[in-house]
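Q:
Residue numbers (the numbering used here), protein chains in the order written: chain A, 1 to 435; chain B, 436 to 589.
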């Protein structure tokens, strides 16, 4: 059934200024259209250049449900190619990462491709003599996808139509700068493995949750509240174990989360923790601070280290935490199935404690065995099940709604506003039902 | 300490978990004991590589107390069943034992049940005459898979 594909008015009708229709989370046709119109036409996170240091190195993943590979070229550039044999359509590369050498070869009929995706060799090629093979789709090889790299972050846009990279992300890119600049060398590398957590819920529930500051004191009371209680009989100045230092702030008050602030940008991007965040009170590392001052000068170093944004959402696929150098990536699989990847970065030239902090944090918060993640995942699932019920078709996103926010392209408001979600759906509807 | 006593200890440890005698299970660990579920095969350490879980006694206590509070994700409640192969004692040295136990693990919650399998490696020591766990390292067969929530103890 196609209720929405050819009916832009129906699609626009799913998004009100302060509410969205339940179909955006539960309708398989909407999911398919999201892949084609939102995920294929916007810039989706693929990987980081540090994952493919040498020519021929590749990683594979899905962008907008389409298999792609990101591969280092002989000239050291990085390209994103469709991971689909031009012959019979097999996924050519099946490992998550590896080195292809000079040629990528399909296991089925040995068609082989150069690292830029062009056809290098086909067995018994004379079999195509006298046909229009040279002009057909198969000769286009592993078709490249538009790719852009920013501070090592590689994004791809599958569709030929869509906004340019800089226009799309704009000022929100400063969150990536603030993360990478925490390295005295201004560089980071992926390290320490990837946590892959399967969610039986729509991708938007995760993305919306990143700047939802009204849920920690409810959903995470059992984990952060327990951490707080376990530490409550310790003297105030007792050195905190990393786990306590990281978990307890989740039990912050409504006032704390409200005052931290949230900032929204055009195209659905946003971050919470404008003024401070749950990452503000980690123990100082004096030698590192001295190295940062040498690298950037006192004023810029203070700015970098004082910027502790909570979660930045690069709508729709990437969410980052600059203060601890970890990212989470949403890889939608179906309307009610989403893979979440959690990656860690090592700051080049910084002491080991930062990477330990990062590894501890991702394990405590983002693992399939996380006591924090379990309750988030449960709440997403409850929404997924609850929205199947009719009677009330609308999901309310009205907290602190102000009509004037509709035209804003860069706006900072109180942290408990649901503006980030409304902002995401304003972008959503523009891509889903272009005027 | 006989081999049979070591083996019995490992069976009892799994049973305490499945019967939710978490305080008694917690007491099986030495003060510096750890429960570790690595993320990759042959993972050398837990400090510089992410793990599915790596918990000292403070974090184990947190996990236990949280479960007691019946958090959102424990409605309905989860239940586990360990099915163990006979433990093998791979090394014994005075008051220290290294064991290897292949296992199947089921975790049920409401209408859903997931099955996991792997190898549990215990490093046991004698403390005041009793066996205690210094390290329980649980190597899941599919440690690198995209996993759903695993809420109880492997």
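From the three backbone atoms N, C-alpha and C, an ideal C-beta is built for every residue, glycine too.
Tell me, which residues are paired with residue 494/B by DSSP?
A: Per DSSP, none; premise fails for residue 494/B.
Q: I'd like to know if residue 512/B contacts chain A, where contact means its C-beta is closer than 9 Å to some C-beta of that chain.
A: No, residue 512/B lies away from the interface with chain A (no Cβ there is under 9 Å from its Cβ).
Q: Just to confirm before moving on: does the CB-CB distance between residue 310/A and residue 367/A stay below 9 Å?
A: The answer is no: Cβ separation not under 9 Å.
Q: Quick one: list the residues of chain A neighbouring residue 493/B, beta-carbon separation under 8 Å, in chain order.
A: Under the 8 Å cutoff, chain A gives 230, 241, 243, 244.
Q: Rounded to whole angstroms, how far is the Cβ of residue 248/A from the Cβ of residue 501/B, which I believe are closer than 8 Å?
A: Rounded, the Cβ-Cβ distance is 14 Å, inconsistent with contact.
Q: Can you tell me whether residue 477/B is buried or exposed, with buried defined as 16 or more other CB within 10 angstroms of its CB?
A: By the neighbour-count rule (16 or more Cβ atoms within 10 Å), residue 477/B is not buried but exposed.
Q: Ordered along the chain, which non-local residues of its own chain (more than five positions away) have a Cβ less than 7 Å from that of residue 222/A?
A: Around residue 222/A: 375.
Q: Does the CB of residue 472/B have a neighbour CB from chain A at under 9 Å?
A: Closer than 9 Å to some Cβ of chain A, the Cβ of residue 472/B qualifies, so yes.
Q: Report the neighbours of residue 500/B on chain A: residues whose CB is nearer than 8 Å to its CB, in chain order.
A: Here the neighbours are 226, 229, 230.
Q: Enumerate in chain order the residues of its own chain whose CB-to-CB distance from residue 42/A is below 7 Å, with the five nearest sequence positions on each side excluded.
A: If we look at residue 42/A and ignore the five residues flanking it on each side, its Cβ neighbours are 157, 162, 168, 316, 431.
Q: Taking DSSP as the reference, what is the three-state secondary structure of residue 222/A?
A: Three-state result, residue 222/A: helix.
Q: Is the beta carbon of residue 269/A closer than 9 Å to that of residue 118/A?
A: No, these two residues do not count as a Cβ contact at 9 Å.
Q: Have a look at residue 262/A and residue 526/B and give me their C-alpha separation to the nearest angstrom.
A: Roughly 56 Å between the two C-alpha positions.
Q: Once the 5 residues before and after residue 403/A are set aside, which same chain residues still bring their CB inside 8 Å of it?
A: The residues are 17.
Q: Below 8 Å on the Cβ atoms is my guess for residue 78/A versus residue 154/A; work out the distance and round it to an integer in Å.
A: Confirmed, Cβ separation roughly 6 Å.
Q: Around the Cβ of residue 25/A, are there at least 16 other Cβ atoms within 10 angstroms (buried) or fewer (exposed)?
A: Residue 25/A comes out buried.
Q: Listed in chain order, which residues of the stretch 187 to 201 of chain A have Cβ atoms closer than 9 Å to some Cβ of chain B?
A: Correct list: 191, 192, 193, 194, 195, 196, 197, 198, 199, 200.
Q: Looking at C-alpha atoms only, which residue of 170/A, 53/A, 281/A is the closest neighbour of residue 191/A?
A: Of 170/A, 53/A, 281/A, the residue nearest in Cα terms is 53/A.
Q: Residue 328/A CB to nearest chain B CB: under 9 Å?
A: No, because no Cβ of chain B sits closer than 9 Å to the Cβ of residue 328/A.
Q: Pair every Cβ in the stretch 540 to 560 of chain B with every Cβ in the stretch 325 to 337 of chain A, then say whether three or more of these pairs are closer than 8 Å.
A: The stretch 540 to 560 of chain B is not in contact with the stretch 325 to 337 of chain A.
Q: Once the 5 residues before and after residue 288/A are set aside, which same chain residues still bring their CB inside 7 Å of it?
A: Same-chain partners within the cutoff: 350, 351.
Q: Hey, out of 572/B, 528/B, 563/B, whose CA is closest to residue 536/B's CA?
A: Taking only the C-alpha atoms, the option nearest residue 536/B is 572/B.
Q: Name, going along the chain, the residues of the stretch 464 to 488 of chain B whose beta-carbon falls closer than 7 Å to a beta-carbon of chain A.
A: If the cut-off is 7 Å between Cβ atoms, the stretch 464 to 488 of chain B has 472, 474, 475, 482, 483, 484, 485, 486, 487, 488 near chain A.
Q: For the stretch 568 to 586 of chain B, which residues have a beta carbon sitting closer than 8 Å to at least one beta carbon of chain A?
A: For the stretch 568 to 586 of chain B, which is checked against every Cβ of chain A, the residues closer than 8 Å are 579, 580, 581, 582, 583, 584, 585, 586.
Q: Examine chain A for any beta-carbon lying closer than 9 Å to the beta-carbon of residue 452/B, and answer yes or no.
A: No - not a single Cβ of chain A is within 9 Å of the one on residue 452/B.
Q: Between the alpha carbons of residue 137/A and residue 197/A, how many angstroms are there, rounded?
A: Roughly 37 Å between the two C-alpha positions.
Q: Mind checking whether residue 104/A and residue 115/A have CB atoms under 9 Å apart?
A: Yes, the pair counts as a contact, with Cβ atoms nearer than the cut-off.
Q: CA-CA distance, residue 456/B and residue 442/B?
A: Whole-angstrom Cα-Cα distance: 19 Å.
Q: So, does the CB of residue 356/A fall closer than 9 Å to a CB anywhere in chain B?
A: By this cut-off, residue 356/A is an interface position.
Q: In angstroms with no decimal places, state the Cα-to-Cα distance between residue 460/B and residue 557/B.
A: Distance between the alpha carbons of residue 460/B and residue 557/B: 14 Å.
Q: Would you give the residue range spanned by the beta strand (DSSP E) that residue 469/B belongs to?
A: 464 to 473 is the extent of the beta strand (DSSP E) around residue 469/B.
Q: Going by the CB atoms, is the gap between residue 312/A and residue 302/A shorter than 9 Å?
A: No, the Cβ-Cβ distance between residue 302/A and residue 312/A is not below 9 Å.
Q: Alpha helix (DSSP H) containing residue 356/A: first to last residue?
A: Start and end: 352 to 366.
Q: Within 10 Å of its beta-carbon, does residue 550/B have 16 or more other beta-carbons around it, so buried, or fewer, so exposed?
A: Residue 550/B should be labelled exposed.
Q: Between which two residues does the alpha helix (DSSP H) holding residue 255/A run?
A: Start and end: 254 to 260.
Q: Count the CB pairs spanning the stretch 387 to 404 of chain A and the stretch 30 to 45 of chain A that are closer than 8 Å, and state whether there are at least three.
A: Not touching, per the Cβ criterion.
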